[in-house]
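Residue numbers (UniProt numbering): 1 to 467. Input: a single structure, listed below in structure tokens.
Structure representation (structure tokens):
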């Protein structure tokens with residue numbers, strides 16, 4: 001099943017299992033047992049759903065029909081030719097081969113896949129607004145970023161030696177953590193005096209080294225989160241979900257909430273399965289005092305219903321667009337009563353924008369296959385995506401620059417996106433904001449001058465006005 005989040009895949013699976021266990025196509029049981037394979041954080045959720053619909057009779061299912069071969073075969077036969085054909089620099093022959101392989105793949109997949117999009121949800125749920133927010137690095141972040149790019153570590157990495165893979169991963173992780181907060185790399189550097197990155201420790205200011213409190217002002221993104229939380233708390237009764245790929249970043253969130261006096265709950269891989277279900281249930285109760293739900297995307301990015309909140313901040317991007325998509329779908333789900341705001345934060349010109357560009361490329365392949373979207377724009381050259389170790393300083397958004405946008409002139413959006421565009425549309429059909437004028441979220445508009453350089457935004461739908 002390839003339906004988007006919140007369309008009832010769980011219930012459909014339960015219905016199918018019940019039919020096979022109790023009546024089957026020939027009015028008698030077709031199977032005796034079934035197994036549910038799911039992430040550990042969802043075991044309790046499945047138990048509750050089955051108990052709700054089947055009154056305690058547990059069943060399950062796991063499928064792998066091997067239609068597409070093993071991962072390496074799939075990459076060779078389908079993924080590589082299709083992506084190469086969709087590259088902005090693709091030759092006519094590459095484009096022709098890519099279309100042929102895509103057509104073959106779609107025919108194969110359609111035999112065994114049911115696919116519905118979140119468009120169906122727009123009939124029943126409040127409006128959702130997604131914002132991709134580019135945030136300027138602080139002076140300290142920018143200084144450390146540039147120094148690291150000039151270090152011997154990067155010089156070794158860019159030699160393109162296969163043996164340097166570990167060094168590449170280490171360098172990528174360093175830059176990703178630096179984008180979150182210099183504190184994350186400072187702790188790592190201190191632990192490894194023998195590492196070549198240790199020379200950077202002298203460039204941290206004394207005020208940074210000597211403080212025991214969280215210092216949001218040293219991180220562009222955390223500063224925005226700090227201000228956004230303050231605005232939400234002061235002007236609304238909304239709750240917020242904060243998501244990160246790193247538990248170290250969740251530690252920063254904890255320290256920030258403690259400093260500001262916000263009540264919070266945290267879910268990561270250290271929490272027992274039983275306790276996870278309990279904290280989610282409590283958070284979703286309107287009268288519960290917790291203001292912030294901190295979530296590790298690896299531990300709880302899939303399947304959790306966090307409809308107690310209607311604002312979600314995706315603090316850092318994952319390489320896999322499906323992971324981010326799952327994580328960001330936690331609040332806009334069945335049972336949600338409020339308009340939802342989803343903020344994706346990216347450090348301007350940094351590795352985070354390039355990871356996001358990579359996501360866009362991967363998502364284009366997914367859209368081609370499961371949604372049959374043949375006109376997904378060919379924005380990003382693969383050669384551009386490999387250029388990770390470079391800080392793009394001359395753009396308010398390097399991603400917008402890579403789009404080769406024809407709707408914006410001199411940093412002004414002249415032509416609006418198509419009227420039928422929504423959050424699932426290609427990025428070229430989102431609103432492009434070079435300033436705060438057309439930002440739909442009043443709270444983000446109020447804090448724009450504190451480091452926001454650019455924003456894309458789009459809505460899920462326009463709710464119909466009932467006369």
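Using N, Cα and C, we set each Cβ at its ideal position, and we do this for glycine too. Since this is a predicted model, take the numbers as computed values, not measurements.
Original post:
What three-state label does DSSP hand residue 147 in the structure shown?
Top reply: helix
Original post:
So, is residue 333 buried or exposed, given that buried needs 16 or more other C-beta atoms within 10 angstroms?
Top reply: buried
Subject >> Supposed contact pair residue 457 and residue 433 - C-beta distance, whole angstroms, cut 8 Å >> reply: 7 Å
Original post:
Counting Cβ pairs, one atom from each stretch, are 3 or more of them under 8 Å apart for the stretch 146-155 and the stretch 169-177?
Top reply: yes
Original post:
From what residue to what residue does the beta strand (DSSP E) around residue 311 run?
Top reply: 311-314
Subject >> C-alpha distance - residue 101 paired with residue 85, whole-angstrom precision >> reply: 10 Å
Subject >> residue 341 vs residue 129 beta-carbon contact at 8 Å >> reply: yes
Original post:
Any idea what DSSP makes of residue 65, helix, strand or coil?
Top reply: Because residue 65 carries a pLDDT of 48, less than 50, the predicted location of this residue cannot be relied on, and no value is offered for it.
Subject >> residue 244 (DSSP reduced to helix, strand or coil) >> reply: strand
Original post:
Can you pull the DSSP bridge partners for residue 129?
Top reply: 341 and 459
Original post:
DSSP puts residue 283 in a beta bridge; with which residues?
Top reply: Answer is none; residue 283 lacks a bridge partner.
Subject >> Cβ neighbour criterion (16 or more within 10 Å) applied to residue 495 >> reply: Nothing in the structure corresponds to residue 495, since the chain is present only between 1 and 467.
Original post:
Who are the Cβ neighbours of residue 226 in its own chain at under 8 Å, not counting the five residues just before and after it?
Top reply: 216, 256 and 260
Subject >> Spatial neighbours of residue 20 in its chain, beta-carbon cut-off 6 Å, leaving aside the 5 residues before and after >> reply: 30 and 31
Original post:
Which residue comes first and which comes last in the beta strand (DSSP E) that contains residue 446?
Top reply: Residue 446 -> not in any beta strand (DSSP E); alpha helix (DSSP H) instead, spanning 442-446.
Subject >> Selected residue, minimal CA-CA separation from residue 206, among 223, 228, 188 and 183 >> reply: 183
Original post:
How long is the line joining the alpha carbons of residue 437 and residue 285, rounded to whole angstroms?
Top reply: 35 Å
Subject >> Cβ separation of residue 249 and residue 192, assumed to be a contact under 8 Å, to the nearest whole Å >> reply: 20 Å between Cβ atoms; not a contact.
Subject >> Where the alpha helix (DSSP H) containing residue 13 begins and where it ends >> reply: 9-22
**OP:** Compute the Euclidean distance between the alpha carbons of residue 401 and residue 454, then round it to the nearest angstrom.
**Re:** 11 Å
Original post:
Whole-angstrom Cβ separation of residue 214 and residue 201, contact assumed at under 8 Å?
Top reply: In fact, because the Cβ distance is near 19 Å, the residues do not count as touching under 8 Å.
Subject >> DSSP three-state assignment for residue 106, whether helix, strand or coil >> reply: helix
Original post:
Roughly how many angstroms separate the alpha carbons of residue 199 and residue 153, rounded to a whole number?
Top reply: 12 Å
Original post:
Going by the CB atoms, is the gap between residue 403 and residue 349 shorter than 8 Å?
Top reply: no
Subject >> DSSP bridge partner residues for residue 264 (one or two, in chain order) >> reply: 292
Subject >> Three-way DSSP call (helix, strand, coil) for residue 382 in this model >> reply: Residue placement at residue 382 cannot be trusted, given a pLDDT of 45 that sits under 50; the coordinates are not used to answer.
**OP:** Using the Cα positions of residue 411 and residue 46, report the straight-line distance between them to the nearest angstrom.
**Re:** 49 Å
**OP:** Would you mind sorting residue 297 into buried or exposed? The rule is 16 or more other CB atoms within 10 Å of its CB.
**Re:** buried
Original post:
If we ignore side chains and look at the alpha-carbon of each, how far apart do residue 106 and residue 71 end up?
Top reply: 17 Å
Original post:
If we count the other Cβ atoms within 10 Å of its Cβ and call it buried at 16 or more, is residue 23 buried or exposed?
Top reply: exposed
Subject >> Pairwise C-alpha distance: residue 14 and residue 396 >> reply: 48 Å
**OP:** Specify the secondary structure class of residue 453 as computed by DSSP and reduced to three states.
**Re:** strand
Original post:
Short check: CB of residue 240 to CB of residue 306, under 8 Å?
Top reply: no
Subject >> Under the three-state DSSP convention, the category residue 357 falls into >> reply: helix
Original post:
Is the Cβ-Cβ distance between residue 447 and residue 388 less than 8 Å?
Top reply: no
Original post:
Buried or exposed: which applies to residue 132, given that a residue is buried once 16 or more other Cβ atoms fall within 10 Å of its Cβ?
Top reply: buried
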